[in-house]
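Chains A and B, in that order, give the protein sequences. Letter by letter, the first sequence follows residues 0 to 191 in numbering that gives the first Met the number 0. Letter by letter, the second sequence follows residues 0 to 207 in numbering that gives the first Met the number 0. For every residue, glycine included, the Cβ atom is placed at its ideal position computed from N, Cα and C. As the structure is a computational prediction, the values presented were derived from the model and not from experiment. Report on the structure given below.
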Amino acid sequence: MTFISQANEIELVTRAQSGDRNAFSELVRTHAQGVLNVIYRMCGDMQIAEDAAQETFIQAWLRLQSYRPQASLRNWLYRIAVNTAIDMLRKEKRILPSAIEDLNLTDSGPGPETLVANSERTEMVQEAILALPDASRAVLVLREFEGLSYQEIAESIDIPVGTVMSRLNYARKLLREKLEVQLFVYAEAENV
Amino acid sequence: MSDHILELLSAYIDGELHGGQLRKVEAHLDECQSCLEEYYSLQALSATLHAAPVPDFPSPERLAADVALRLPRKPVKPMSRRALEIGWWLAPVGLIVAWIFVSTTILVSNAVTAAGDFGLLDSASAWLVAGSSGANYSAFLGQFGLLAGNSLQWAEMTEAFTRTAVPQITWQVSIALLYLSWLAIWWTRHTRQGLGGPFDSGGRPTVK
Chain A
0 MTFISQANEI ELVTRAQSGD RNAFSELVRT HAQGVLNVIY RMCGDMQIAE DAAQETFIQA
60 WLRLQSYRPQ ASLRNWLYRI AVNTAIDMLR KEKRILPSAI EDLNLTDSGP GPETLVANSE
120 RTEMVQEAIL ALPDASRAVL VLREFEGLSY QEIAESIDIP VGTVMSRLNY ARKLLREKLE
180 VQLFVYAEAE NV
Chain B
0 MSDHILELLS AYIDGELHGG QLRKVEAHLD ECQSCLEEYY SLQALSATLH AAPVPDFPSP
60 ERLAADVALR LPRKPVKPMS RRALEIGWWL APVGLIVAWI FVSTTILVSN AVTAAGDFGL
120 LDSASAWLVA GSSGANYSAF LGQFGLLAGN SLQWAEMTEA FTRTAVPQIT WQVSIALLYL
180 SWLAIWWTRH TRQGLGGPFD SGGRPTVK
């Protein structure tokens, strides 16, 4: 992820708001990784993630006039990204992840058995995440994969902090039930 | 189970607890095996999630180039929305102007009426207070002997109050209420990330 200072970001936003495409492209480059990550975790499909990320930035461009610099641009983009991912999933009828094909399994380290085990585990995890209700999945993705604080999540999807906490509890409870075996394997590995 | 802290464990793992709640959870974990196991289980879940790799995303440069190809021309605000927004920001100014106007009118009106009552206005300026003096109906009833003495005085005072003070209070309270309502809406919007005026719908979530 490209790093730009907050002051620089505000200046880029101001320029983009007056129609400067280069400034907006710079913002896209800065936030591309985060937006792609959020959307991929939300929908579990690389192709959908890429399309949704493009759509997210186009929506951001169209709505840029309504953005106020006192809010975090990242959180504002994540808000659009989450909604775009959910919309895309609805259109695509919740395609199950083609995660195994998407993943880069060309690492020469582990042997074929480990690779298969890893990809099976990845698929299970992704399916468990996808099975969560949209609202809980959005909160979980922003917390677990993007590391947002509860306050930032609350601002991103416009819900109270207490609701963030309860949705996160609920999502984790459901995931633990679905991934019980995986967690057991992890615990065993930790004990070895 | 009511003494357990299961509901707080997620927030504890995420580093979102502070002060008394943090101390409470830490103290509880020191003595409760069942909650400790829950804590380890949540940690394992987090580790399992993080262990799931992500695919090779397109590079930021490629995504930016793809987006640039699809970008429409400079975003232009529709006139109606722009007009609404201008109206929104002019509303408090209008209310303050209305407040000053109403207050000044009332002040001047009271001063003129008082001047008339004390006979300070000459005959040329008498039209200013014509009809503004209170107690017209009471005096009318008094002429026919329907009101007299204290009753007439009370009726005159009540009528004078109704004719002057009530409209003044009503106007001022109405303007104050409108202004406070505007402030309340502005504050609500402002605390929600400051995403603009009440007519901005950009990026509002559907996730609820």
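Closer than 7 Å by beta-carbon distance: list the chain B residues that pair up with residue i, in chain order.
i, result
"I3 (chain A)", "Near I3 (chain A) there are no residues of chain B at all, since even the closest Cβ is about 12 Å away, more than 7 Å."
"R175 (chain A)", "S40 and L44"
"L131 (chain A)", "Per Cβ cutoff of 7 Å: no residues; L131 (chain A) is ~12 Å from chain B at best."
"E49 (chain A)", "P57"
Give me the chain A residues within the contact set of residue i, using Cβ-Cβ distance strictly less than 7 Å, ordered along the chain.
i, result
"R69 (chain B)", "Q53 and I57"
"E30 (chain B)", "Within 7 Å Cβ-Cβ: nothing; E30 (chain B) doesn't reach chain A, min ~22 Å."
"L48 (chain B)", "V124 and E143"
"G97 (chain B)", "Residue identity differs from the one stated: residue 97 (chain B) is Ala in this sequence, not Gly. In chain order: nothing, as chain A lies at least about 28 Å away."
For chain B, check one thing: does any of its Cβ atoms lie closer than 7 Å to the Cβ of residue i?
i, result
"V124 (chain A)", "yes"
"L167 (chain A)", "yes"
"E143 (chain A)", "yes"
"V192 (chain A)", "Only positions 0 to 191 of chain A appear in this structure, which leaves residue 192 (chain A) out of reach."
"V12 (chain A)", "no"
"R89 (chain A)", "no"
"Y77 (chain A)", "no"
"N7 (chain A)", "no"
"T121 (chain A)", "yes"
"S24 (chain A)", "yes"
"R73 (chain A)", "no"
"V27 (chain A)", "yes"
"E179 (chain A)", "no"
"T105 (chain A)", "With a pLDDT of 42 at T105 (chain A), under the threshold of 50, the predicted position of this residue should be treated as unreliable, though the coordinate-derived value follows. With 7 Å as the cut-off, T105 (chain A) does not count as an interface residue toward chain B."
Tell me, please, whether the CB atom of residue i is closer than 7 Å to any CB atom in chain A?
i, result
"V165 (chain B)", "no"
"V24 (chain B)", "no"
"A159 (chain B)", "no"
"D116 (chain B)", "no"
"L179 (chain B)", "no"
"I15 (chain B)", "Checking the displayed sequence, the identity of residue 15 (chain B) turns out to be Glu instead of Ile. It does; some Cβ of chain A falls within 7 Å."
"L89 (chain B)", "no"
"T183 (chain B)", "The question names Thr, but residue 183 (chain B) is Ala in the sequence shown. No, because no Cβ of chain A sits closer than 7 Å to the Cβ of A183 (chain B)."
"L21 (chain B)", "no"
"L35 (chain B)", "no"
"L62 (chain B)", "yes"
"A51 (chain B)", "yes"
Give the interface partners of residue i over in chain B, defined as CB-CB distance under 8 Å, in chain order.
i, result
"R171 (chain A)", "S9, L41 and L44"
What in chain A is Cβ-close to residue i, meaning under 9 Å?
i, result
"T187 (chain B)", "Per Cβ cutoff of 9 Å: no residues; T187 (chain B) is ~12 Å from chain A at best."
"E155 (chain B)", "Correct list: empty, because the minimum Cβ distance to chain A is about 57 Å."
"D208 (chain B)", "With chain B covering 0 to 207 only, the question about residue 208 (chain B) has no answer from this structure."
"L83 (chain B)", "Those do not exist, as L83 (chain B) stays about 12 Å from chain A at its closest Cβ, beyond 9 Å."
For chain D, check one thing: does any of its Cβ atoms lie closer than 7 Å to the Cβ of residue i?
i, result
"V66 (chain B)", "Absent here is chain D; the protein component of the structure consists of chains A and B."
Less than 6 Å between the CB of residue i and some heavy atom of the ligand GTP, yes or no?
i, result
"A64 (chain B)", "The ligand GTP is not part of the structure shown, which contains no ligands of any sort."
Item to check | Members of the region 31-44 of chain A that neighbour chain B once the beta carbon cut-off is set at 7 Å | outcome: A31, Q32, L35, N36 and Y39
Checklist entry - Going along the chain, which unbroken runs of the alpha helix (DSSP H) with 4 or more residues stay wholly within the region 38-73 of chain A? => result 45-62
Checklist entry - Can you give, in chain order, each stretch of the alpha helix (DSSP H) that sits fully within the region 5-30 of chain B and has at least 4 residues? => result 5-12 and 18-30
Item to check | Whole alpha helix (DSSP H) elements within the region 44-118 of chain B, 4-residue minimum | outcome: 59-69 and 78-116
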